[in-house]
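These protein sequences, in sequence, are chains C and B.
So that you can map any letter, position 127 of the first sequence is 127 in our numbering, and since no number is skipped, the others follow by simple counting.
One rule links them: number in our numbering = place in the second sequence (from 1) + 250.
Built from N, CA and C at the ideal position, the CB exists for glycine as well.
Source: prediction; values computed, not measured.
Protein chains: 2
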Amino acid sequence: MGDIKVHELRYPCSKCPLRALSVFRDLDDGELQFISKFKRGELAVERGATVLVEGNHSAHLYTLLSGLAFRYKLLHDGRRQILNYAMPGDLLGLQAGLLGEMQHSVEALSPLLLCVFERERVFDLFKNHPGLSYDITWIAAREEQMLDENLLSVGRRSAVERAAYLLSFLYARLQRTKAAFGAFRVLPITQQHVADTLGLSLVHTNKTLRKLAQRGLLSWREGGCEIKDAEGLLATARWAGLAETRRALI
Amino acid sequence: MGDIKVHELRYPCSKCPLRALSVFRDLDDGELQFISKFKRGELAVERGATVLVEGNHSAHLYTLLSGLAFRYKLLHDGRRQILNYAMPGDLLGLQAGLLGEMQHSVEALSPLLLCVFERERVFDLFKNHPGLSYDITWIAAREEQMLDENLLSVGRRSAVERAAYLLSFLYARLQRTKAAFGAFRVLPITQQHVADTLGLSLVHTNKTLRKLAQRGLLSWREGGCEIKDAEGLLATARWAGLAETRRALI
DNA sequence: CGCTTACTTGAGTCTGGTCAAACGGGGTGG
DNA sequence: CCACCCCGTTTGACCAGACTCAAGTAAGCG
């Protein structure tokens with residue numbers, strides 16, 4: 001686990017750069033006030049650090065304020081499957097928060113800034129703020145929806161479709177919140193991450209990405225992926241695209 | 251869509267055969283009373299019927315009382331991915347209930363009995379019953395956990411491991427609730443279902459299942475799968491097994 | 001300047017896919 | 001009752017997408 005430090009609130013909830021965005025639903029005053037107290041602090045995490053560990057009982061939930069991370073599971077012999085990526089506004093650690101134990105790990109792909117919430121106060125939230133409870137459930141249902149689509153992809157799409165789907169998925173999601181903290185020039189992922197997300201080997205992933213690059217859809221540079229033609233990727237994936245209205249933010 | 255008929259409550263919540271089981275958490279009187287009113291009716295569905303359709307805005311949520319069903323998504327050209335299976339106690343239609351539109355379909359593998367809940371009254375539940383709200387979120391988190399494991403399986407396990415994992419997973423889950431309505435002698439699924447769950451072709455799935463059958467782990471008969479050695483399947487899958495405590499039931 | 005990490009490429013292999021055909025049981029209509 | 005058909009399972013032959021092994025390149029860093 002890399003360096004982790006708790007510091008003064010740089011972003012009190014009342015001035016949350018994310019909530020200011022139109023993609024997120026508004027809260028009423030009571031809710032905002034509750035959240036402000038519910039937020040125990042901010043956590044800055046370095047690129048490469050592990051935020052949550054499979055098997056652990058985390059005492060905290062997190063909302064990702066800025067940066068990019070990924071959720072993954074390991075098989076006994078080290079095979080890794082990346083399950084999904086976490087972006088600004090996403091909730092992390094709900095499983096441990098409710099079920100008791102993390103069944104996956106989370107690792108930072110860039111420096112992260114996380115809002116920290118006390119696991120023990122989650123029930124307070126359910127008790128006193130039905131709107132926020134509903135929002136948490138909403139967030140869980142949305143995560144399930146993304147997983148469904150990822151599973152469809154890994155199970156039934158071809159390698160090229162899969163890669164194109166993944167990258168346009170990541171690109172589309174990042175677009176939604178880039179106004180708050182700016183966007184990545186290139187996605188901070190390696191081809192190994194792509195391979196472990198798609199369920200392919202590193203070598204075959206490389207050859208697949210090479211095809212997409214030759215078609216001018218993307219290029220690999222500066223240790224990451226630059227999306228050059230999001231429309232083209234969408235078409236290659238034969239994917240309808242991200243149909244998302246305003247979403248909940250805790 | 252097959253025949254569907256609403257009839258008198260055969261199983262009022264106060265006498266719910268599922269809730270009587272020790273695998274499900276108890277409710278307090280107020281909660282039970284609320285649920286009793288929240289339950290609008292029972293729906294009987296034939297084998298093969300489609301319960302929920304991708305793209306639809308279902309007006310209802312369901313809890314599966316008895317039977318076996320599966321959730322799936324289709325690609326434009328008909329390729330199908332089965333996402334998960336629904337068993338007694340599982341909640342169906344939460345996505346439509348919260349997000350507005352189903353992103354997957356649900357089909358019955360056996361005759362089903364479903365408890366029907368009004369989508370419009372979900373917010374009432376959140377408003378007045380924090381315990382039940384928490385339970386719904388808990389159920390969503392559990393579904394996510396199962397999906398994570400399925401995704402790991404499809405992405406990173408070999409064909410034999412995948413098949414063994416799937417069948418011991420289904421078997422283990424069915425064990426938990428069989429006391430209420432009895433168990434299936436054979437799982438009412440075809441090899442095509444297995445193929446579409448594992449992300450494999452029908453032919454290769456057949457050859458894979460054949461291997462497991464030759465090792466005496468299962469046999470295919472009467473239009474379904476009989477698990478003959480659950481322990482052996484678990485070992486073949488190199489899977490830790492289902493670690494599940496008492497769970498929530500709406 | 002050497003080391004490490006990540007991307008690239010080629011060769012050979014194998015898992016899993018496709019095509020095709022046959023089998024077997026249950027249901028149905030003649 | 002039998003012939004036929006349909007559905008789902010089974011098998012074989014062949015093919016292709018994806019894997020492994022191996023080696024080389026390029027960029028970044030101490």
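So, is residue i buried or exposed, given that buried needs 16 or more other C-beta atoms within 10 angstroms?
| i | result |
| --- | --- |
| Leu9 of chain C | exposed |
| Ser355 of chain B | buried |
| Glu31 of chain C | buried |
| Glu231 of chain C | exposed |
| Val404 of chain B | buried |
| Leu202 of chain C | exposed |
| Asn306 of chain B | exposed |
| Val256 of chain B | No answer about Val256 of chain B holds up, because its pLDDT of 49 lies below 50 and its placement is not dependable. |
| Thr447 of chain B | buried |
| Pro338 of chain B | buried |
| Arg246 of chain C | exposed |
| Phe367 of chain B | buried |
| Arg457 of chain B | In the sequence as presented, Arg is not what sits at residue 457 of chain B; that position holds Lys. Classification of Lys457 of chain B: exposed, given that the 10 Å Cβ count is below 16. |
| Ala108 of chain C | buried |
| Ser66 of chain C | buried |
| Lys287 of chain B | exposed |
| Arg210 of chain C | exposed |
Using 8 Å as the limit for Cβ to Cβ distance, is residue i near chain B?
| i | result |
| --- | --- |
| Ile37 of chain C | The residue asked about is misnamed: residue 37 of chain C is Lys in this sequence, not Ile. It does not; no Cβ of chain B falls within 8 Å. |
| Gln103 of chain C | yes |
| His76 of chain C | yes |
| Gln33 of chain C | no |
| Gln81 of chain C | yes |
| Leu92 of chain C | no |
| Gly199 of chain C | yes |
| Lys178 of chain C | no |
| Leu99 of chain C | yes |
| Asp3 of chain C | Residue placement at Asp3 of chain C is poorly supported in this model, since its pLDDT is 41, which falls under 50; the coordinates are not used for a value here. |
Check whether chain C comes within 8 Å of residue i, counting only Cβ atoms and requiring the distance to be less than that.
| i | result |
| --- | --- |
| Val404 of chain B | yes |
| Gly339 of chain B | no |
| Arg412 of chain B | no |
| Asp279 of chain B | no |
| Gln345 of chain B | yes |
| Leu397 of chain B | yes |
| Gly305 of chain B | no |
| Leu245 of chain B | Because chain B in this structure spans residues 251 to 500, residue 245 of chain B falls outside the shown range and cannot be described. |
| Asn456 of chain B | no |
| Phe373 of chain B | yes |
| Lys461 of chain B | no |
| Leu499 of chain B | no |
| Leu401 of chain B | yes |
| Phe367 of chain B | no |
| Phe431 of chain B | no |
CA-CA distance, residue i and residue j?
| i | j | result |
| --- | --- | --- |
| Ala179 of chain C | Asp374 of chain B | 35 Å |
| Met102 of chain C | Ser133 of chain C | 20 Å |
| Gly474 of chain B | Leu437 of chain B | 5 Å |
| Gly466 of chain B | Arg142 of chain C | 41 Å |
| Leu174 of chain C | Ala86 of chain C | 10 Å |
| Leu266 of chain C | Ile35 of chain C | The question about residue 266 of chain C has no answer here: the residues shown for chain C are numbered 1 through 250. |
| Leu360 of chain B | Asn334 of chain B | Per the sequence shown, residue 360 of chain B should be read as Ser rather than Leu. Ser360 of chain B and Asn334 of chain B: Cα-Cα distance of roughly 15 Å. |
| Arg435 of chain B | Phe320 of chain B | 18 Å |
| Leu518 of chain B | Arg329 of chain B | Since the first and last residues shown for chain B are 251 and 500, residue 518 of chain B lies out of range. |
| Ala283 of chain B | His204 of chain C | First, the amino acid is wrong: residue 283 of chain B is Gln here, not Ala. Roughly 57 Å separates the two Cα atoms. |
| Ala20 of chain C | Ile250 of chain C | 13 Å |
| Ile82 of chain C | Val410 of chain B | 21 Å |
| Asp279 of chain B | Phe419 of chain B | 34 Å |
| Met146 of chain C | Asp276 of chain B | 31 Å |
| Glu42 of chain C | Ser14 of chain C | 14 Å |
| Ala59 of chain C | Ile439 of chain B | 41 Å |
| Val51 of chain C | Glu296 of chain B | 46 Å |
| Ala294 of chain B | Asp77 of chain C | 45 Å |
| Leu417 of chain B | Ala183 of chain C | 44 Å |
Report yes if the C-beta of residue i is less than 7 Å from at least one heavy atom of the ligand HEM; otherwise report no.
| i | result |
| --- | --- |
| Ser360 of chain B | This structure simply doesn't include the ligand HEM, nor any ligand for that matter. |
Exercise. When Cβ atoms are compared, which residues of the region 380–394 of chain B fall closer than 7 Å to chain C?
Worked result: Pro380, Ser383, Tyr384, Ile386, Thr387, Trp388, Ala390, Ala391, Arg392, Glu393 and Glu394
For this session: Note down, one range per segment and in chain order, each alpha helix (DSSP H) of at least 4 residues found wholly within the region 77–141 of chain C.
Result: 94–99 and 122–128
Problem set entry | Residues of the region 469–490 of chain B whose Cβ lies closer than 8 Å to any Cβ of chain C, in chain order | Residues passing the 8 Å Cβ filter: Arg488.
Problem set entry | Completely contained alpha helix (DSSP H) runs for the region 218–245 of chain C, where each covers 4 or more residues | 230–237
Exercise. At a Cβ cut of 9 Å, what residues of the region 266–277 of chain B count as close to chain C, listed as they run along the chain?
Worked result: Within the region 266–277 of chain B, no residue qualifies.
For this session: Can you check the region 48–76 of chain C for any alpha helix (DSSP H) of at least 4 residues that lies completely inside it and give the ranges in chain order?
Result: none
For this session: Let me know the alpha helix (DSSP H) ranges lying completely inside the region 136–209 of chain C, each 4 residues or longer, listed in chain order.
Result: 159–181 and 191–198
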